[in-house]
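K.L.:
Read left to right, the sequence shown gives residues 3 to 205 (the numbering used here). Just dropping this structure here.
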Amino acid sequence: MRRFKMSRSSAMAALVAAAVLGSPFEGNLLGVGAAPVAAQSESRQARELDKLFADLKQAPTQEAADKIVGRIWDIWLRSGRDDTDVMMSRVVANTAGQHYGLALMLLDEVIEIAPEFAEAWNKRAALRYRMGQFPSAVEDIETALKLEPRHFGALAIKSAILADMSKWQDALTAYRAALAINPHLTSRHKVLPELERLAAQAR
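What follows is the structure in structure tokens.
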């Protein structure tokens with residue numbers, strides 16, 4: 003029974019995390035279309051994010067929502083520093099090549115240089131999740147959410163970790179929080195009802 007439960011937990015966690023860890027927008031870390039964003043002031047970026055999040059909730063189609071989400075990631079993935087942006091591109095390359103140890107070292111350095119950079123904390127959380135370092139991943143997620151409370155990606159990863167731990171109600175709460183910010187999360191039609199079912203069974 004325990005073996006089945008762990009298998010179910012892992013499968014559910016993988017489904018929750020797939021949209022974030024395999025997001026096409028993650029490729030923007032390599033610098034695609036990011037130069038105009040890097041030139042913006044923090045206040046201008048904040049105003050643009052406010053508008054984008056408002057537009058996201060009103061997006062009429064998945065395609066329209068994806069474009070808005072892409073722009074949000076473009077902003078999130080820019081630290082405002084050339085050195086850390088270059089390091090983040092190396093993080094992506096090493097993560098893609100499954101060189102997780104090197105990617106983690108780079109993220110540690112980015113966070114030391116720019117501790118206010120929410121996306122560095124989120125990326126380290128996602129990497130630590132891949133590496134099975136759940137407690138450390140949760141700590142990084144909480145820091146990312148303090149810096150950017152609207153980070154639906156961090157909330158989705160948090161949900162995945164909690165699902166992997168069979169904490170179904172907590173996983174459901176985190177996923178609903180992510181959906182409240184981004185109602186167009188990939189796989190939501192599969193993930194939400196399954197988490198609701200598992201949370202109900204666990205009561």
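In this text, a Cβ means the ideal position worked out from N, Cα and C, and glycines have one as well. Here the structure is a predicted model, which is why all the values come from computation and not from measurement.
1) Return the CA-CA distance between Arg190 and Asp142, expressed in angstroms with no decimal places.
2) On the criterion of 16 or more Cβ atoms from any shown chain inside 10 Å, does Glu114 qualify as buried, or is it exposed?
3) Look at Leu109 and Ala95 and say whether their C-beta atoms are less than 7 Å apart.
4) With a Cβ-Cβ cutoff of 7 Å, do Leu164 and Asp172 count as a contact?
5) Compute the distance between the beta-carbons of Tyr177 and Leu200, then report whether it is under 7 Å.
6) Please report the distance separating the alpha-carbon of Gly103 from that of Phe136.
7) With DSSP as the reference, label Glu150 as helix, strand or coil.
8) Give me the Cα-Cα distance between Val193 and Leu187, rounded to the nearest whole angstrom.
9) Considering only C-alpha positions, which residue in the set Gln203, Pro185, Pro195 and Ala202 is nearest to Glu65?
10) Write down every uninterrupted run of the alpha helix (DSSP H) in the stretch 124-186 whose length is 4 residues or greater and which is fully enclosed by it, in chain order.
11) Counting C-beta neighbours from all protein chains within 10 Å, is the total for Gly99 16 or more, i.e. buried, or is it exposed?
P.N.:
Result, derived from the coordinates:
1) Counting from one through the sequence shown, the residue named residue 190 turns up at place 188. Counting from one through the sequence shown, the residue named residue 142 turns up at place 140. Straight-line Cα distance between these residues: approximately 24 Å.
2) By 1-based counting over the sequence shown, the position of residue 114 is 112. Exposed, by the Cβ-count rule.
3) In the sequence shown, the residue the question calls residue 109 occupies position 107. In the sequence shown, the residue the question calls residue 95 occupies position 93. Contact: no.
4) Here residue 164 refers to the residue found at position 162 when the sequence shown is read from its first residue. Here residue 172 refers to the residue found at position 170 when the sequence shown is read from its first residue. Closer than 7 Å, so yes.
5) For the purposes of this step, residue 177 is taken as residue 175 along the sequence shown, with counting starting at 1. For the purposes of this step, residue 200 is taken as residue 198 along the sequence shown, with counting starting at 1. No, they are not a contact pair.
6) The residue you call residue 103 lines up with position 101 of the sequence shown. The residue you call residue 136 lines up with position 134 of the sequence shown. Taking the straight line joining both Cα atoms gives about 16 Å.
7) The count along the sequence shown starts at 1 and reaches residue 150 at position 148. Three-state result, Glu150: coil.
8) Here residue 193 corresponds to residue number 191 of the sequence shown, with the count starting at 1. Here residue 187 corresponds to residue number 185 of the sequence shown, with the count starting at 1. Near 10 Å, if we compare the C-alpha coordinates of Leu187 and Val193.
9) Here residue 65 refers to the residue found at position 63 when the sequence shown is read from its first residue. Among Gln203, Pro185, Pro195 and Ala202, the Cα nearest to that of Glu65 is on Pro185.
10) 136-149, 154-166 and 170-183
11) The residue you call residue 99 lines up with position 97 of the sequence shown. Label assigned to Gly99: exposed.
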